[in-house]
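Remarks on the structure that follows.
Chains as they are written, first to last, in our numbering: chain P, 12 to 139; chain A, 15 to 375.
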């Protein structure tokens with residue numbers, strides 16, 4: 012499993028989810044802390060493309076051998092793409108949580124919500 | 015409700031060894047126990063292909079001795095205790111008068127009039143109280159022996175070979191026990207386990223447990239946690255109390271009639287004779303996506319049921335579990351549907367065990 016890491020260019024949600032913002036689009040995933048707490052991911056149940064997600068609401072489930080965990084949307088919007096690769100390789104969520112382990116891409120409905128997310132510094136403080 | 019603070023949890027004599035091995039420690043039945051070290055799947059595979067060891071010192075022991083020890087246990091335990099030879103082992107249920115299961119237990123006959131019964135950690139106090147209550151009128155001594163023993167389960171196709179390299183003397187055959195020195199420590203070795211693999215369960219005085227652990231680690235036996243213990247037992251359809259067994263279920267429903275010798279007139283036998291189970295516990299596997307979990311509702315052809323154990327199977331790479339279903343739906347091959355948090359998942363009743371070692375040659 013990868014070493015603990017929290018990239019500088021991401022925005023973080025207290026429920027251990029991240030967002031990579033690109034204009035009015037964003038990519039979501041779970042943080043290193045979340046995947047480490049969960050253990051080896053064996054199943055990711057993706058949402059439908061076109062589904063709406065609401066900030067702080069659960070939009071998917073991720074499962075380890077022992078546990079089920081909700082994945083929370085850091086921001087609101089509409090899903091435009093899901094990571095199909097996770098169906099066959101859910102372990103990418105452990106191995107590369109900010110890269111190949113991304114979960115969905117979303118068109119944001121309210122980009123101002125980004126202001127409520129944490130930068131890397133405060134997120135790391137939350138973990139300590 | 016927040017979990018109890020770590021300092022209120024009990025620790026086994028191997029706690030420091032778990033920390034050194036990088037264990038993820040979790041509260042379990044009042045104990046701080048290793049759920050995994052390197053990962054459930056790796057530990058599971060190590061036990062299926064090599065050798066792993068589980069600290070199960072949280073499990074309790076009750077020692078029963080005296081001239082009427084056999085008669086007393088015959089009354090309490092569902093199996094035929096008189097058939098257990100000296101240094102033998104036996105699985106049985108502890109039932110209430112109405113047949114509800116108080117616990118499932120392994121009992122070892124250490125001598126003609128001396129027995130050691132291993133309890134589930136979460137049931138130990140309840141079992142002990144039941145033993146003490148029922149002992150009235152019997153010439154027996156019932157003793158809480160939990161503090162006398164650490165317990166280490168060494169399991170896997172290479173477990174025996176690893177044990178033999180540190181043992182002075184011959185290991186017990188299956189369902190037998192032998193007292194012998196292991197790594198210089200006097201150990202009660204039992205040819206039992208909970209994984210479907212060969213191996214031994216070792217009862218060790220608490221002070222000697224770390225020396226045995228270290229010697230086995232040196233022999234290549236991998237630490238394995240309670241997570242892998244659960245997936246291993248589920249693949250071979252061994253019951254877990256609190257999941258597949260409870261006071262609300264009787265042993266016949268649970269498919270444990272083989273361990274109930276009704277003619278011994280144990281407590282509960284009369285009720286079991288009079289009942290006709292409506293449901294029965296069956297193993298099942300998902301035929302598509304998803305992972306079943308405890309308490310998921312089941313739809314079967316003749317009515318509803320419920321999942322009592324569920325997991326991803328590390329060996330089969332599919333969702334597997336056990337569920338109570340109507341008795342008419344127990345036939346292997348019966349299609350059922352499991353409701354996993356609102357999503358219907360297709361499953362099929364299978365025969366035991368769900369996982370079977372490929373027979374080579």
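For glycine and all other residues, C-beta sits at the position ideal for the given N, C-alpha and C.
Computed from a prediction, not measured in an experiment: that's the story for all the values here.
About 5 Å separates the beta carbon of residue 17 (chain P) from that of residue 131 (chain P), a gap short enough to meet the 8 Å contact definition.
The CB of residue 51 (chain P) comes closer than 8 Å to the CB of 53, 54 and 55 in chain A, given here in chain order. The beta-carbon of residue 54 (chain P) is placed less than 8 Å from the nearest beta-carbon of chain A. Annotated three-state conformation of residue 250 (chain A) is coil, per DSSP.
In the same chain as residue 19 (chain P), and ignoring 5 residues on each side of it, the C-beta atoms closer than 6 Å to its own belong to 131, in chain order.
For residue 86 (chain P), no beta strand (DSSP E) run applies, since DSSP gives it neither H nor E. With respect to chain P, the C-beta atom of residue 325 (chain A) has a partner C-beta closer than 8 Å.
Taking a C-beta distance under 8 Å as the contact criterion, residue 168 (chain A) and residue 204 (chain A) do not qualify as a contact pair. In this structure, the beta-carbon distance from residue 62 (chain A) to residue 178 (chain A) does not fall below 8 Å. Contact with chain A is absent for residue 14 (chain P), since none of that chain's Cβ atoms lies less than 8 Å from the residue's Cβ. The alpha carbon of residue 120 (chain A) has as its nearest neighbour, out of A:134, A:261 and A:279, the alpha carbon of A:134. For residue 126 (chain A), no alpha helix (DSSP H) encloses it, and the DSSP letter there is neither H nor E. Assignment of beta-bridge partners to residue 69 (chain P) by DSSP yields P:83.
Under the DSSP assignment, residue 358 (chain A) falls in the beta strand (DSSP E) whose first and last residues are 357-363. Chain A has a Cβ within less than 8 Å of the Cβ of residue 79 (chain P).
At least one CB of chain A lies nearer than 8 Å to the CB of residue 76 (chain P). Uninterrupted beta strand (DSSP E) stretches at least 3 residues long and entirely within the segment 61-85 of chain A occur at 66-69 and 74-79, given in chain order. With distances taken between CA atoms, residue 75 (chain P) lies nearest to A:54 out of A:244, A:54, A:71 and A:222. Assignment of beta strand (DSSP E) within the segment 244-301 of chain A, counting only whole runs of 3 or more residues, yields 293-300 in chain order. For residue 33 (chain A), the enclosing alpha helix (DSSP H) stretches over residues 29-34.
Shown here for residue 135 (chain P): same chain residues with a beta carbon closer than 7 Å to its own, the five before and five after excluded, namely 17 in chain order.
In the DSSP annotation of this structure, the continuous segment of the beta strand (DSSP E) that includes residue 333 (chain A) starts and ends at 333-340. Look at residue 226 (chain A) here: in three-state DSSP terms it is helix. Here the alpha carbons of residue 283 (chain A) and residue 308 (chain A) stand approximately 29 Å from one another. Legend: CB atoms of the segment 230-255 of chain A lying less than 8 Å from CB atoms of chain P belong to residues 241, 244 and 245. For the pair residue 58 (chain A) and residue 242 (chain A), the CB atoms are nearer than the 8 Å cut-off.
In the three-state scheme derived from DSSP, where H, G and I count as helix and E and B as strand, residue 90 (chain P) is classed as strand. DSSP lists A:40 as the beta-bridge partner residues of residue 47 (chain A). The residue from A:192, A:363 and A:306 with its alpha-carbon nearest to that of residue 102 (chain A) is A:192. With a contact defined as Cβ atoms closer than 8 Å, residue 85 (chain P) and residue 45 (chain P) miss out at about 12 Å.
In the displayed model, residue 133 (chain P) falls within a helix according to three-state DSSP.
Judged by pairs of C-beta atoms under 8 Å, the segment 92-110 of chain P touches the segment 37-54 of chain P, as three or more such pairs exist. In its chain, beyond the 5 residues on either side, 84 have a beta carbon closer than 6 Å to the beta carbon of residue 68 (chain P). The count of Cβ pairs closer than 8 Å, one atom from the segment 238-254 of chain A and one from the segment 174-190 of chain A, stays below three, leaving the stretches out of contact. Annotation note: the segment 141-216 of chain A contains the following uninterrupted alpha helix (DSSP H) runs of length 4 or greater, listed N- to C-terminal: 173-180. Taken through DSSP and simplified to helix, strand or coil, residue 240 (chain A) comes out as helix.
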